[in-house]
Amino acid sequence: MAETLPPRDRLRLVRLIRLAPLAAVASLLCEVVVQATSLLIPVVLAGVVDTVVRGSTPGRALALLAALLTVRVLCEAAGGLADASASTGVTARLRERLVRHVLASGIPGIRRHHTGDLVARLTANTAAAGHAVPALAYMVLTSLTTLGGLVALWLLDWRLGVVFLAGAVPSVYLLRRLTRDVTDRYAGYLEKLGDIAGRLTDALTGARTIRATGTAGREIERVLAPLPGLRAAGASTWDAQRAIAWKIDTVITVFRLGVLAVAGAGLAAGRLTPGDFLAAAMYLTIALGFLDQVDNLVTLAEADANAERVTGLLAEPVPAVPTADGPPPGPGALSFHGVHVSHDDRVVLDGLDLAVPAGAAVAVVGRSGAGKTTLALLAGGLVPPDDGEVRLDGVPLTRIPGARLRREFAYAFDRPVLLGSTVADAIAYGDGDPGPERIRAAARAARAEEFVDRLPGGFDTPLSTAPLSGGETQRLGLARALARDGTVLVLDDATSSLDTATEAQVADALTTAARGRTRLIVAHRAATAARADLVAWLENGRVRSLAPHRRLWTDEPEYREVFADEGTAR
1255 MAETLPPRDR
1265 LRLVRLIRLA
1275 PLAAVASLLC
1285 EVVVQATSLL
1295 IPVVLAGVVD
1305 TVVRGSTPGR
1315 ALALLAALLT
1325 VRVLCEAAGG
1335 LADASASTGV
1345 TARLRERLVR
1355 HVLASGIPGI
1365 RRHHTGDLVA
1375 RLTANTAAAG
1385 HAVPALAYMV
1395 LTSLTTLGGL
1405 VALWLLDWRL
1415 GVVFLAGAVP
1425 SVYLLRRLTR
1435 DVTDRYAGYL
1445 EKLGDIAGRL
1455 TDALTGARTI
1465 RATGTAGREI
1475 ERVLAPLPGL
1485 RAAGASTWDA
1495 QRAIAWKIDT
1505 VITVFRLGVL
1515 AVAGAGLAAG
1525 RLTPGDFLAA
1535 AMYLTIALGF
1545 LDQVDNLVTL
1555 AEADANAERV
1565 TGLLAEPVPA
1575 VPTADGPPPG
1585 PGALSFHGVH
1595 VSHDDRVVLD
1605 GLDLAVPAGA
1615 AVAVVGRSGA
1625 GKTTLALLAG
1635 GLVPPDDGEV
1645 RLDGVPLTRI
1655 PGARLRREFA
1665 YAFDRPVLLG
1675 STVADAIAYG
1685 DGDPGPERIR
1695 AAARAARAEE
1705 FVDRLPGGFD
1715 TPLSTAPLSG
1725 GETQRLGLAR
1735 ALARDGTVLV
1745 LDDATSSLDT
1755 ATEAQVADAL
1765 TTAARGRTRL
1775 IVAHRAATAA
1785 RADLVAWLEN
1795 GRVRSLAPHR
1805 RLWTDEPEYR
1815 EVFADEGTAR
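Under this note's numbering, the first residue of the sequence shown is numbered 1255, with each subsequent residue one higher.
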């Protein structure tokens, strides 16, 4: 029976046992006892019947039978608990590994998969894979018990064994085909399900835009477009099961008729006693156990298809992070050397060179799609370049340990996601606790202190109940960056949601709060670029010019057009 799963599938499922070894062993031991009692009960029951037929009282045999049944019931109950523990243990550990892997993969790894697809792998796929451990234990032990039942039939009468073996070979072939077909077809079903999950995630993220533009009908059609393919894949899986199920039922019926007919002839000829006939009927059911595992095989096939989606993601490469101590902190000079980045077969940065002096504020300006955000992500090592090198104080980022790298760079994004329980937690989020005074000072510099103090609980207000506007959320994200130590501050359009007056106040505060820190600022407003020491003007994937804003504004008409394209004023 164990041969009904292809070798690669058996190996993948067996590896899952290592995620919950104690529960898996307990499940296996309980199943061993259950299957052992299955082999002993027919012998004891046959003795009871033959004793009664002879006119004697089977007291000892009945007591043994009662003991075996009691042990079986207790082990089945304990096995159920062990199975649940094994399944949940495997699921929990798979989810932990998956979350660690996805986060370790960083932005490049996450970009390879849609958010909805990642959520489906983390939830449904891991849960289904967890069911493989008890199902696999049951399948292996039932296979061994099948052999025990066959040996018992052979010992009762070799003719029974011959009849049984005659139908075993084609049955095993049918089961192998069922498992292979269901696994392949179910894998296609899961792929289409992940596609729908991804589309639904997009729709939920853009729910306000969909509502405002009245395109709900169009989005419903887009989300559900793969549904016919999903239905076809599901129907195909059921067809594979149905095509084999009736054949297996037919084989089981023929098995029973053939073996019982031979047993009946043996009873009539005196080769078998009435107890032997009863035992033969019970051992026949046990020996047919491998054919009665269609549901279990389907569970294993589905678990394997789910496990393949999980292990496939875990097998994807994770960027290597140095662990040895790097060079001592420097003043924060940031430089890009021949940096090349492509995304979706489009060249974003093409051999870009840029030097950001230590302690200076450099605004990054360019038309939409010029690579401004990509440059910001490269600066702190959030994404690696396809070619070229990014250095901090002359040291390649690839040689700086991950924890150290994260301490050296602080980021503020245009659409920050606030993490933590309270407003204070959101500002303090990161490696290390800045303390209440630094949190308040950072909020003050980001012009967030005033509206935070107006909240019901001030800085202790739960994020889930804080009514924050887009601009307020952006200011808290900026405060989070300012609350962290480090030599480089990267602002990816971090003041875009602020009104002009507030943006000017924040910019003036940044000059004081971030004094001495190197600042790389993605700018869409001319006023933001004007406050920087230098402007890096991007065009065609390279730095077209590195100069003060005033000089570029005066000498370069095309530079002024960049801000006209963004719909902003000087």
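Virtual Cβ for every residue (Gly too), placed ideally from N, Cα, C. Note that this is a predicted model, so its numbers are computed, not measured.
Check: Per-residue burial, Tyr1665 [other beta carbons within 10 Å of its own, 16 or more giving buried]; Outcome: buried
Check: Under the three-state DSSP convention, the category Tyr1392 falls into; Outcome: helix
Check: At least 3 beta-carbon pairs within less than 8 Å: the region 1471-1480 vs the region 1449-1457; Outcome: yes
Check: Exposure of Leu1542, with buried meaning 16 or more beta-carbon neighbours within 10 Å; Outcome: buried
Check: The region 1300-1315 contacting the region 1366-1377, beta-carbon criterion three pairs below 8 Å; Outcome: no
Check: Length-filtered (4 minimum) alpha helix (DSSP H) runs lying within the region 1724-1764; Outcome: 1724-1736
Check: Which residues DSSP lists as bridging Ala1615, in chain order; Outcome: Arg1773
Check: Sufficient close CB pairs (3 or more, under 8 Å) joining the region 1651-1671 to the region 1736-1751; Outcome: yes
Check: Counted within 10 angstroms of its Cβ, other Cβ atoms place Val1387 as buried (16 or more) or exposed; Outcome: buried
Check: Backbone secondary structure at Thr1527 - three-state DSSP; Outcome: coil
Check: For Leu1444 and Asn1379, believed in contact at Cβ under 8 Å, the rounded distance; Outcome: 7 Å
Check: Minimum C-alpha distance to Val1508 - residue among Arg1465, Asp1530 and Ser1425; Outcome: Ser1425
Check: Same chain, Cβ closer than 7 Å to Leu1283, five either side skipped, listed in chain order; Outcome: none
Check: Gly1689 versus Glu1757 - alpha carbon distance; Outcome: 26 Å
Check: Under the three-state DSSP convention, the category Val1297 falls into; Outcome: helix
Check: Distance between beta carbons of Tyr1537 and Ala1406, contact taken as under 8 Å; Outcome: 4 Å
Check: Whether Gly1795 touches Leu1606 by CB criterion (8 Å); Outcome: yes
Check: Burial state of Ala1522, where buried means 16 or more other Cβ atoms lie within 10 Å; Outcome: exposed
Check: 6 Å CB neighbourhood of Gln1759 in its chain, flanking five on each side removed; Outcome: Arg1701
Check: Test item: CB-CB of Ala1389 and Ser1281 under 8 Å; Outcome: no
Check: Beta strand (DSSP E) segment containing Ala1666, residue limits; Outcome: Phe1663 to Phe1667
Check: Helix, strand or coil at Gly1592 [DSSP, three-state]; Outcome: strand
Check: C-alpha gap between Ile1474 and Ala1487, whole angstroms; Outcome: 21 Å
Check: Nearest-angstrom Cβ-Cβ length linking Leu1409 and Gly1384, presumed shorter than 8 Å; Outcome: With 8 Å as the limit, Leu1409 and Gly1384 do not qualify as a contact, their Cβ atoms being about 40 Å apart.
Check: Straight-line gap, Asp1263 to Glu1556 (C-alpha atoms, nearest Å); Outcome: Caution is warranted here: a pLDDT of 49 is assigned to Asp1263, below 50, making its placement in the model unreliable, and no coordinate value can be reported.
Check: Reduced DSSP category for Thr1628 - H, G, I as helix; E, B as strand; rest coil; Outcome: helix
Check: Alpha-carbon spacing of Ala1336 relative to Ala1559, whole angstroms; Outcome: 23 Å
Check: Close beta carbons around Gly1343, own chain, < 6 Å, minus the five adjacent residues each side; Outcome: Ala1274 and Ala1277
Check: Residues that Ser1799 bridges to, as DSSP identifies them; Outcome: Trp1791
Check: Gly1623 beta carbon less than 8 Å from that of Trp1791; Outcome: no
Check: Best match in Leu1293, Leu1484, Asp1503 and Ile1464 for proximity to Gly1403 [C-alpha to C-alpha]; Outcome: Leu1293
Check: Short Cβ contact (8 Å threshold) for Thr1719 with Leu1588; Outcome: no
Check: Continuous alpha helix (DSSP H) assignments of at least 4 residues falling wholly in the region 1432-1478; Outcome: 1461-1467 and 1470-1478
Check: Glu1857 in three-state terms, based on DSSP; Outcome: For the chain, the structure presents residues 1255 to 1824; residue 1857 sits outside this window and is missing.
Check: Sub-8 Å separation of Leu1414 and Ala1561 beta-carbons; Outcome: no
Check: Beta-carbon proximity of Thr1715 to Thr1676, cut-off 8 Å; Outcome: yes
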